[in-house]
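Undergrad: Residue numbering for the sequence shown follows our numbering, starting at 9 and increasing by one per position.
Beta carbons are placed, not taken as given, at the ideal position from N, Cα and C, and that holds for glycine.
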Amino acid sequence: MAHPGFFQRQASARRNTSFLVLLFLTAVVLITLAVCVVGYLVTRSETSGQPFHYWLLSSHGLITASAVVILICMGSLIRWVDLAGGGSRVAKMVGARPIDPDTRDSHERKLRNIVEEMAIASGVSVPELYIMDNETGINAFVAGYTPGSAVMVVTHGAITQLTRDELQGVIGHEFSHIFNGDMRLNVRLIALLAGILMIGQIGGFLLRSSFYSGGRTTARNRDSRAQMALGLLGVALFVIGYVGVFFGRLIQAAVSRQRETLADASSVQFTRNPDGIGGALFKIGLRSSYLDTTGHANDMNHMCFGEAARMKFSSLLASHPPIEQRINAIQPGLMARLKSRLRDTESGARLRTASGGNRPSAASSFASDTADLYTTASDRRRTSPAGSAIAAPVLEMASAQTLSERVGTISPEGEDFAIKLLQRLPSTFRGLLYTRAGAIQLCYALLTSDLTQKQQAECLKLLPNHSLFSAQPDLLAKLIPALQNIGEAVRFPALELAMPALRKLDPDERAELIKNVRKLVGADNRVTLFELALTSFLSRHLGADAERATPVRYRSYKSVMPALQRLLSLLARAGSGDEQGAESLYHEAIAGFASNGNTDQPILAKVTMRQLQEALKALNGLSPLLKPAVIDACGHCITYDGVIETREYELMRLVADQMDCPMPPMVV
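#1: By alpha-carbon positions, which one of G156, R444, I248, R112 ends up nearest to L38?
#2: Kindly provide the ranges of any alpha helix (DSSP H) runs that are 4 or more residues long and lie completely inside the stretch 584 to 613, ordered along the chain.
#3: Determine the burial state of K614: buried for a count of at least 16 other Cβ atoms within 10 Å of its Cβ, exposed for fewer.
#4: Starting from E496, follow the beta strand (DSSP E) in both directions and report where the run begins and ends.
#5: Can you tell me which of K462, A445, L455 puts its alpha carbon nearest to the alpha carbon of S478?
#6: So, helix, strand or coil for L299, using DSSP?
#7: Excluding sequence positions up to five away, which residues of its chain have a Cβ less than 7 Å from the Cβ of V134?
#8: Taking the DSSP output, what are the residues bridged to P106?
#9: Just to confirm, are G187 and P636 a CB contact at a threshold of 9 Å?
#10: Report the three-state DSSP secondary structure of T443 (helix, strand or coil).
#11: With F290 as the anchor, note down where its alpha helix (DSSP H) starts and where it stops.
#12: What alpha helix (DSSP H) runs, 4 residues minimum, are completely inside the stretch 134 to 199?
#13: Distance check for T647 and A554, CA to CA, integer angstroms please.
#14: Could you tell me whether the Cβ atoms of R518 and L550 are closer together than 9 Å?
#15: Tell me, which residues are paired with Y562 by DSSP?
#16: Mark H61 as exposed unless 16 or more other C-beta atoms lie within 10 angstroms of its C-beta, in which case mark it buried.
#17: Within 10 angstroms of the Cβ of H474, are there 16 or more other Cβ atoms? Answer buried if so, exposed if not.
#18: Got a sec? Which residues, its chain only, sit under 8 Å from S386 by beta carbon, not counting five neighbours each side?
#19: What three-state label does DSSP hand A557 in the structure shown?
#20: Going along the chain, which unbroken runs of the alpha helix (DSSP H) with 4 or more residues stay wholly within the stretch 632 to 663?
#21: Could you say if the stretch 142 to 159 and the stretch 308 to 320 meet the contact criterion of at least three C-beta pairs nearer than 8 Å?
#22: When you compare the stretch 609 to 624 with the stretch 565 to 577, are there three or more beta-carbon pairs, one atom per stretch, that lie closer than 8 Å?
#23: For R87, which residues in the same chain have their Cβ closer than 8 Å to its Cβ, ignoring the five residues on either side in sequence?
#24: Quick check on the burial criterion: 16 or more other C-beta atoms within 10 angstroms. Buried or exposed for N336?
#25: Suppose you measure from the CA of R196 to the CA of Q588; what does that come to, to the nearest Å?
#26: Report yes if the C-beta distance between Q621 and Q666 is below 9 Å; otherwise report no.
#27: Pull up the distance between the alpha-carbon of L137 and that of L41, whole angstroms please.
#28: Alpha carbon to alpha carbon, how far is L491 from V498?
#29: Alpha carbon to alpha carbon, how far is I652 from T536?
#30: Can you grab the Cα-Cα spacing for the pair G95 / A104, in whole Å?
#31: Please go through the same chain and pick out, in chain order, the residues whose beta-carbon is closer than 7 Å to the beta-carbon of V36, but skip the five residues on each side of it.
#32: Please work out which residues of its chain come closer than 6 Å, Cβ to Cβ, to V46, disregarding the five sequence neighbours upstream and downstream, and give them in chain order.
#33: Any idea if P515 is buried or exposed, counting beta-carbon neighbours within 10 angstroms, 16 or more meaning buried?
#34: Hey, would you say E658 sits closer than 9 Å to F500, going by beta carbons?
#35: Of the choices R661, F14, Q480, L476, whose alpha-carbon is the least far from that of M513?
#36: Hey, S26 and G422: beta-carbon distance below 9 Å or not?
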């Protein structure tokens, strides 16, 4: 079985969301019927012993059923609204604190360096980082609704007990969840389970109330019978509610286990080092991954790298496969090799505990099908001297037909590029990207670094006089020289590094930044491809709808043909030097989408910035399985002459970003 690609995993995540809603509705129906049975038994004498199905359609039954459905839906809705704040709200819910980007803690800096390397190598914005200071277990999770708004939470035990390779394996696992669309599903699952839990919580409240009242009961109390009935009703609702939770956990485990196995496989693909994630899993077996300081461990179980909560029937309700099964699925024999390494330092009992007491299972299909990726030893980690040059992003001609296969992946070349780039960045420049003021000035510097000093001064006069948004010469003097020295290859990665700081702007400040950037873009009455890419990037990730997932609107190319016509017309002209070649290239690119010949969609003489943005917005509404053909058609255009110029690369990055397709650096 071939390892599924980015677009297949995205489609699977959307199907799982629909399946999850169906299971939730089923659980609501079953819980409602169970409560109605209790109500029927309690009120049977009042209704002359009529059969249950008649009682269910009576006023008693309809009121009971409606009340249960309303309570469950209210519980889910309240939690759904509470989690609308995205990943940062989830992080605060479990008591995590944001990591200072300029932290001096060596463990936190190690984590940030790994995350930044992987973000640049994969072409996504750097996630906001949080740490759970009081958790000694080894665990991590990501939360959010879109890759651009992801938040990564890591326990203190993970950053202090894992080596760099092991921590990189964990981070690769979490990046897989970002790429696969799992984050949105995970947050929705928390909300749905909260509704199912509501009945059990009400039952527990009634049970406690009856016992509390019973403690004050005297012989003269005339309501003892009512209190007993209240207690029995509380017990019944408590049992029914937690039976619902039991099946909710089953749903949680069924949805999570397969995705955890897939994320383990993706981590090995990203890092080319099975020993990394394997060692992290082995240490979880030796120590633990439980979250002991938060009351939301059960809610978060399906989101975490390892089991977050202790529970009975773990073989049935666990959200993750057994440790030994996960390790042997990564690479056959890896578990035995890890045990052998620690045989001199750990007792036999602890080594047996690390495997969870489970018999070794056969390697899963992804291990055998992609074994060539997993046999790479950890010494294949690529490093480069700090002074080495950074090549401009470029793509080999042979890879043009498989450009869509690069989406949502990390290649050794991309990781090399990220490591070299981060080593070349001056510490002052990198530090400024972590501050709000520095990130804002970076946007201005990206638009003015190619201008003369006189032109820069004239352009920056257009900005308003504001303490935060006006041009700050002292900061620009530190940013512009670095951009000029390193070259155009640093522009998008620097922007990705600055995104955590930019996301800290409130909605009005984000709108003001986008407005100012557009002023600078329009200063010379022309728009370059990079300027278009920058404004579109900021609008996509900082706009009002930045944290909302784009729903599927189109399941065929027919409805988006005008958008394809605009996009491929622009790319064909960018990829060919003459009119005849551009027209020929355009017809080649659009041939796979037009059902009745190319003549219905002629090449356009001009495509405005607004038309291109509207086209990309429409194309982002395509079903995930329809997007690869669009990416490959664009790749065909930019590799037509065998050379990818900077403007072509920037246009490709723009297309991929606006279609929510993480595009790694195009490096040889």
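TA: This is what the structure holds:
#1: Position 30 of the sequence shown, counting from 1, holds the residue named residue 38. The shortest Cα separation from L38 among G156, R444, I248, R112 belongs to I248.
#2: DSSP runs (the alpha helix (DSSP H)) wholly in the stretch 584 to 613: 587 to 598.
#3: Along the sequence shown, read from residue 1 onward, the residue named residue 614 stands at position 606. K614 sits exposed, since fewer than 16 C-beta atoms from the chains shown fall within 10 Å of its C-beta.
#4: Residue 496 sits at position 488 when you count from the first residue of the sequence shown. DSSP places E496 in no beta strand (DSSP E); its state is neither H nor E.
#5: As a working mapping, residue 478 is identified with position 470 in the sequence shown. For the residues K462, A445, L455, the minimum Cα distance to S478 belongs to A445.
#6: Position 291 of the sequence shown, counting from 1, holds the residue named residue 299. It is coil, neither helix nor strand.
#7: In the sequence shown, residue 134 corresponds to position 126, counting from 1. Correct list, in chain order: V123, E124, A127, E504, L505, M507, P508.
#8: As a working mapping, residue 106 is identified with position 98 in the sequence shown. The partner list for P106 (beta bridge, DSSP) reads Y138.
#9: As a first step, residue 187 is located in the sequence shown; it is residue number 179 there, counting from the start. As a first step, residue 636 is located in the sequence shown; it is residue number 628 there, counting from the start. It should be pointed out that residue 187 corresponds to Phe in this sequence rather than to Gly. Contact: no.
#10: Sequence index remark: in the sequence shown, residue 443 carries index 435 (1-based). DSSP, read as helix, strand or coil, puts T443 in coil.
#11: The sequence position of residue 290 within the sequence shown is 282, counting from 1. 282 to 294 is the span of the alpha helix (DSSP H), which, as asked, contains F290.
#12: Counting whole runs of 4 or more residues, the stretch 134 to 199 contains the alpha helix (DSSP H) stretches 164 to 169, 172 to 188.
#13: The residue labelled residue 554 in the question sits at position 546 within the sequence shown. The residue labelled residue 647 in the question sits at position 639 within the sequence shown. In a straight line, the C-alpha of A554 is about 31 Å away from that of T647.
#14: Here residue 518 refers to the residue found at position 510 of the sequence shown. Here residue 550 refers to the residue found at position 542 of the sequence shown. R518 is a Cβ neighbour of L550, given a cutoff of 9 Å.
#15: Your numbering for residue 562 matches position 554 in the sequence shown. DSSP lists L630 as partners of Y562.
#16: Taking the sequence shown and counting its residues from 1, one reaches residue 61 at position 53. Looking at its Cβ environment, which holds fewer than 16 other Cβ atoms inside 10 Å, H61 is exposed.
#17: Position 466 of the sequence shown, counted from the start, is the residue given in the question as residue 474. Label assigned to H474: exposed.
#18: For the purposes of this step, residue 386 is identified with residue 378 of the sequence shown, where counting begins at 1. With a pLDDT of only 36 at S386, under 50, the local geometry of the prediction cannot be trusted, and no value is derived from it.
#19: In the sequence shown, counting from the first residue as 1, residue 557 sits at position 549. In the structure shown, A557 sits in coil (DSSP, three-state: anything other than H, G, I, E or B).
#20: Listed in chain order, they are 635 to 646.
#21: Between the stretch 142 to 159 and the stretch 308 to 320 there are three or more C-beta pairs closer than 8 Å, enough to call the two in contact.
#22: Yes, the stretch 609 to 624 is in contact with the stretch 565 to 577.
#23: As a first step, residue 87 is located in the sequence shown; it is residue number 79 there, counting from the start. The residues are I198, A199, A202, G203.
#24: Along the sequence shown, one-based indexing puts residue 336 at 328. N336 should be labelled buried.
#25: As a working note, residue 196 is residue 188 in the sequence shown. As a working note, residue 588 is residue 580 in the sequence shown. For R196 and Q588, the gap between their C-alpha atoms comes out near 51 Å.
#26: In the sequence shown, the residue the question calls residue 621 occupies position 613. In the sequence shown, the residue the question calls residue 666 occupies position 658. It is a contact, given that the beta carbons lie within the stated cut-off.
#27: Counting from 1 along the sequence shown, the entry for residue 137 is found at position 129. Counting from 1 along the sequence shown, the entry for residue 41 is found at position 33. Roughly 44 Å between the two C-alpha positions.
#28: Counted from its first residue, the sequence shown places residue 491 at position 483. Counted from its first residue, the sequence shown places residue 498 at position 490. About 7 Å.
#29: Taking the sequence shown and counting its residues from 1, one reaches residue 652 at position 644. Taking the sequence shown and counting its residues from 1, one reaches residue 536 at position 528. Roughly 16 Å separates the two Cα atoms.
#30: Translated into positions along the sequence shown, residue 95 becomes position 87. Translated into positions along the sequence shown, residue 104 becomes position 96. CA-to-CA, the gap between G95 and A104 works out to about 11 Å.
#31: Indexing the sequence shown from 1 puts residue 36 at position 28. Taking V36 as the centre and dropping the five residues before and after it, the same chain places the C-beta of V77, I80 closer than 7 Å to its C-beta, in chain order.
#32: Your numbering for residue 46 matches position 38 in the sequence shown. The beta carbon of V46 lies closer than 6 Å to those of A244 in the same chain, with the five residues before and after it left out.
#33: Numbered from 1 along the sequence shown, position 507 holds the residue referred to as residue 515. Exposed, because fewer than 16 other Cβ atoms sit within 10 Å of the Cβ of P515.
#34: Reading the sequence shown from its first residue, position 650 is the one you call residue 658. Reading the sequence shown from its first residue, position 492 is the one you call residue 500. Yes, the Cβ-Cβ distance between E658 and F500 is below 9 Å.
#35: Taking the first residue of the sequence shown as position 1, residue 513 is located at position 505. Strictly speaking, residue 513 in this sequence is Leu, with Met absent from that position. When each option's Cα is compared against that of L513, the closest is L476.
#36: Walking along the sequence shown from the start, residue 26 turns up at place 18. Walking along the sequence shown from the start, residue 422 turns up at place 414. No, Cβ-Cβ distance for S26 and G422 is not below 9 Å.
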